[in-house]
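Here is the structure we will look at.
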Amino acid sequence: MAVNDTIQIALIGAGGMGQGDARNSTSLDKVKLVAACDLYTGRLERCKEIWGKDIFTTRDYREVLARPDIDAVIIATPDHWHARITKDALAAGKDVYCEKPMVQKIEEGQGVIDAQKASNGKIVQIGSQYASSLVFQKAKELLEQGAIGKLNMVDAWLDRNTAMGAWQYTIPTDASPSTVDWDRFLGQAPKRPFDATRFFRWRNYKDYGTGLAGDLYVHLLTGLHVVTGAMGPSRIFATGGLRYWKDGRDVPDVMLATMDYPDFTFTLKVNFKSGVPQEDFGFRFTGSEGVMNVSMAECTVAKTPREKAPGNTADQFPAAVKEKFLEDYYKQYPMWQPKTENLPGNEMVRFAPPRSYSAHLEHHRNFINAVRSRKPFFEDAVFGFRTAGPALLTGVSYDERKVCGWDAENLKRTA
Ligand SMILES: NC(=O)c1ccc[n+]([C@@H]2O[C@H](COP(=O)([O-])OP(=O)(O)OC[C@H]3O[C@@H](n4cnc5c(N)ncnc54)[C@H](O)[C@@H]3O)[C@@H](O)[C@H]2O)c1
17 MAVNDTIQIA LIGAGGMGQG DARNSTSLDK VKLVAACDLY TGRLERCKEI
67 WGKDIFTTRD YREVLARPDI DAVIIATPDH WHARITKDAL AAGKDVYCEK
117 PMVQKIEEGQ GVIDAQKASN GKIVQIGSQY ASSLVFQKAK ELLEQGAIGK
167 LNMVDAWLDR NTAMGAWQYT IPTDASPSTV DWDRFLGQAP KRPFDATRFF
217 RWRNYKDYGT GLAGDLYVHL LTGLHVVTGA MGPSRIFATG GLRYWKDGRD
267 VPDVMLATMD YPDFTFTLKV NFKSGVPQED FGFRFTGSEG VMNVSMAECT
317 VAKTPREKAP GNTADQFPAA VKEKFLEDYY KQYPMWQPKT ENLPGNEMVR
367 FAPPRSYSAH LEHHRNFINA VRSRKPFFED AVFGFRTAGP ALLTGVSYDE
417 RKVCGWDAEN LKRTA
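Here this note's numbering runs 16 ahead of the position in the sequence shown, where the first position is 1.
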């Protein structure tokens, strides 16, 4: 650690999220960005504009990892580089904040977990920030207190309706093989000639990204696992299609998935041409005694009063049978009035943090606290793979058109 207790960080992958991550991190007390690595010259220039011309910049992340003045790295490259750079960073003795999804492919998950174990106590925190959200923590507390009774189903959605939301990111006017290190970007991905669209809109291609599965479902799984403490599902099925953004992408823009957890059923939905103004993100937790709605901004609980009587269909029976039945029935349920029962206003609970509150900033605060205290935040490599594994299996289910199996205990695909 550098002088005066300052944590010195480096950014690897300085695009949209990387710049946002580094801004959040350096807004915290005694955190300094000293190096940035990226494969597009313009983004390295932008980093110097933001963090000063003296920061070290490079296209080769190994040069960052070799520097002894760096305590921790933020990895915000495209998904196909996450596992490799995380493992190399841990081997180089750095703490790691890696953006979600932790891995691009299921087969990479165990390797990252093993690398964390072998790292002699290095911190790994995955960048799915809902893990640090006060709203989700409150929802967890309410669920544990029995606010909605016994959970039986959770529905989650993240719908969008904008070009940016559908990953149509800007391609800079100076994009060319001289400003972009195309071969390094490809890494282990199939070789092909320079293509600025693939480089700047990599999410749209399976060679580099993870589609809706790893990009957005992983957030929904993080929220679910935080609130319920669940380990993962056993069966996963997804369907959908490319319905609107037919721009050459090879991933769907509408996807619906279902997962079987031991005690509840989970549905996930993303629609990139959904009719919502911009973005709509939410969860509905349904229990035996109520419903809890959770969004980025708030959590509300609506209690459903238990029925005082089961109701009946005696009117379909002959008059004598009906009469006899109702005589007994009203003895058993004297308070019950068919159809006219006046349900009291549902008991509501509402929790909302201050408007200025940012889960993203809190997530970076948790990471920096972990780096200082050496006490890891709970969203480590195991938690990261518990969410990434099933999320990625929705992509596999979609591609292979089959139900996939997942062993949540041992973190392995079973079918
Ligand atoms: N937590 C969130 O809410 C959230 C939101 C957006 C993105 N993300 C994640 O952040 C990551 C980055 O997404 P983005 O939107 O910033 O993408 P982006 O395309 O804007 O930025 C990626 C950057 O990585 C660079 N890069 C590519 N390969 C590299 C390598 N081998 N070494 C160094 N740099 C490399 C590219 O040049 C590019 O500038 C993704 O994994 C994404 O899933 C997370």
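Backbone N, C-alpha and C fix where the C-beta goes; we use that ideal spot for every residue, glycine too.
Fair warning: this is a prediction, and the values are worked out from it, not measured in the lab.
Item to check | Through-space distance from residue 323 to residue 340, alpha-carbon basis | outcome: Within the sequence shown, residue 340 is the residue found at index 324, counting from 1. Within the sequence shown, residue 323 is the residue found at index 307, counting from 1. Each residue's alpha carbon lies about 23 Å from the other.
Checklist entry - What first and last residue would you give for the beta strand (DSSP E) that runs through residue 285? => result Along the sequence shown, one-based indexing puts residue 285 at 269. Its beta strand (DSSP E) spans residues 281-287.
Item to check | Segment contact, 8 Å Cβ cut-off, at least three pairs: the segment 301-311 with the segment 156-166 | outcome: yes
Next on the checklist: For a quick check, are the C-beta atoms of residue 37 and residue 92 less than 7 Å apart?
Outcome noted: As a working mapping, residue 37 is identified with position 21 in the sequence shown. As a working mapping, residue 92 is identified with position 76 in the sequence shown. Cβ atoms of residue 37 and residue 92: closer than 7 Å.
Item to check | Nearest-angstrom Cβ-Cβ length linking residue 275 and residue 117, presumed shorter than 8 Å | outcome: Position 259 of the sequence shown holds residue 275. Position 101 of the sequence shown holds residue 117. Not really, about 16 Å apart at Cβ, beyond 8 Å.
Next on the checklist: In the DSSP assignment, the beta strand (DSSP E) including residue 190 goes from what residue to what residue?
Outcome noted: Here the question's residue 190 lines up with position 174 in the sequence shown. Looking at the DSSP string, residue 190 is not in any beta strand (DSSP E), and its letter there is neither H nor E.
Checklist entry - Is it right to say residue 332 is buried, meaning 16 or more other beta carbons lie within 10 angstroms of its own, or is it exposed? => result One-based indexing of the sequence shown puts residue 332 at position 316. With fewer than 16 other Cβ atoms within 10 Å, it is exposed.
Item to check | Residues bridged to residue 173 [DSSP beta-bridge criterion] | outcome: Here residue 173 refers to the residue found at position 157 of the sequence shown. DSSP lists 285, 298 as partners of residue 173.
Item to check | Three-state secondary structure (DSSP) of residue 422 | outcome: The residue labelled residue 422 in the question sits at position 406 within the sequence shown. Here residue 422 sits in strand by DSSP.
Checklist entry - Can we say the segment 289-297 touches the segment 253-270, given the rule of at least three CB pairs closer than 8 Å? => result Segments in contact, yes.
Next on the checklist: On the CB-based measure, 16 or more other CB atoms within 10 Å of its CB, does residue 209 come out buried or exposed?
Outcome noted: Sequence index remark: in the sequence shown, residue 209 carries index 193 (1-based). With fewer than 16 Cβ atoms within 10 Å of its Cβ, residue 209 is classed as exposed.
Checklist entry - Between the C-alpha atoms of residue 377 and residue 266, what's the straight-line distance to the nearest angstrom? => result Position 361 of the sequence shown, counted from the first residue, corresponds to residue 377. Position 250 of the sequence shown, counted from the first residue, corresponds to residue 266. If you take the alpha carbons of residue 377 and residue 266, they lie about 33 Å apart.
Next on the checklist: Between the segment 127-147 and the segment 393-400, can you find at least three pairs of beta-carbon atoms closer than 8 Å?
Outcome noted: yes
Checklist entry - Do you know how far the Cα of residue 67 is from the Cα of residue 33? => result Numbered from its first residue, the sequence shown carries residue 33 at position 17. Numbered from its first residue, the sequence shown carries residue 67 at position 51. Note on geometry: alpha-carbon atoms of residue 33 and residue 67 lie some 16 Å from one another.
Next on the checklist: For residue 313 and residue 101, what's the separation of their Cα atoms in angstroms?
Outcome noted: Looking up residue 313 in the sequence shown gives position 297. Looking up residue 101 in the sequence shown gives position 85. Those two C-alpha atoms are separated by around 33 Å.
Checklist entry - Just checking my contact of residue 408 with residue 191 at CB under 8 Å: how many whole Å lie between their CB atoms? => result For the purposes of this step, residue 408 is taken as residue 392 along the sequence shown, with counting starting at 1. For the purposes of this step, residue 191 is taken as residue 175 along the sequence shown, with counting starting at 1. 29 Å between Cβ atoms; not a contact.
Checklist entry - For the alpha helix (DSSP H) that residue 123 lies in, which residues bound it at each end? => result Translated into positions along the sequence shown, residue 123 becomes position 107. Neither: residue 123 is in no alpha helix (DSSP H) and is coded neither H nor E.
Checklist entry - With 16 as the cutoff for other CB atoms within 10 Å, does residue 103 come out buried or exposed? => result Against the sequence shown, residue 103 aligns to sequence position 87. Under this definition residue 103 is a buried residue.
Checklist entry - Got a sec? Which residues, its chain only, sit under 7 Å from residue 433 by beta carbon, not counting five neighbours each side? => result Residue 433 lies beyond the stretch modelled for the chain, which goes from 17 to 431, so this question has no answer here.
Item to check | Distance between residue 70 and residue 24 (C-alpha atoms, nearest Å) | outcome: By 1-based counting over the sequence shown, the position of residue 24 is 8. By 1-based counting over the sequence shown, the position of residue 70 is 54. Distance between the alpha carbons of residue 24 and residue 70: 14 Å.
Checklist entry - Any chance the CB of residue 297 is under 6 Å from a heavy atom of ligand 1? => result Residue numbering aside, residue 297 sits at position 281 when the sequence shown is read from its first letter. No, ligand 1 has no heavy atom inside 6 Å of this Cβ.
Checklist entry - residue 175: beta carbon under 6 Å from a heavy atom of ligand 1? => result For the purposes of this step, residue 175 is taken as residue 159 along the sequence shown, with counting starting at 1. For ligand 1, not one heavy atom lies less than 6 Å from the Cβ of residue 175.
Checklist entry - What did DSSP end up calling residue 428 once you bin it into helix, strand or coil? => result Counting from 1 along the sequence shown, the entry for residue 428 is found at position 412. In the structure shown, residue 428 sits in a strand (DSSP, three-state: E or B).
Item to check | Residues near residue 232 in its chain [Cβ-Cβ closer than 8 Å; skip 5 each side] | outcome: For this step, residue 232 is matched to residue 216 along the sequence shown. Correct list, in chain order: 174, 286.
Item to check | Within 7 Å, strictly: CB atoms of residue 81 and residue 108 | outcome: Working through the sequence shown from its first residue, we reach residue 81 at position 65. Working through the sequence shown from its first residue, we reach residue 108 at position 92. Yes. Within cutoff.
Checklist entry - Do residue 342 and residue 284 come within 7 Å of each other at the CB atom, strictly closer than that value? => result In the sequence shown, counting from the first residue as 1, residue 284 sits at position 268. In the sequence shown, counting from the first residue as 1, residue 342 sits at position 326. Taking 7 Å as the Cβ cut-off, residue 284 and residue 342 do not qualify as a contacting pair.
Checklist entry - Taking three-plus beta-carbon pairs below 8 Å as touching, is the segment 142-159 in contact with the segment 251-267? => result Between the segment 142-159 and the segment 251-267, the count of Cβ pairs shorter than 8 Å is below three; the stretches do not touch.
Item to check | Where the alpha helix (DSSP H) containing residue 348 begins and where it ends | outcome: Here residue 348 refers to the residue found at position 332 when the sequence shown is read from its first residue. Per DSSP, residue 348 belongs to the alpha helix (DSSP H) from 335-348.
Checklist entry - Whole-angstrom Cβ separation of residue 87 and residue 225, contact assumed at under 8 Å? => result On the sequence shown, residue 87 is found 71 positions in, with the first residue counted as 1. On the sequence shown, residue 225 is found 209 positions in, with the first residue counted as 1. About 29 Å separates the two Cβ atoms, so there is no contact after all.
Checklist entry - Quick one, are the C-beta atoms of residue 254 and residue 410 less than 7 Å apart? => result Counting from one through the sequence shown, the residue named residue 254 turns up at place 238. Counting from one through the sequence shown, the residue named residue 410 turns up at place 394. Yes, these two residues count as a Cβ contact at 7 Å.
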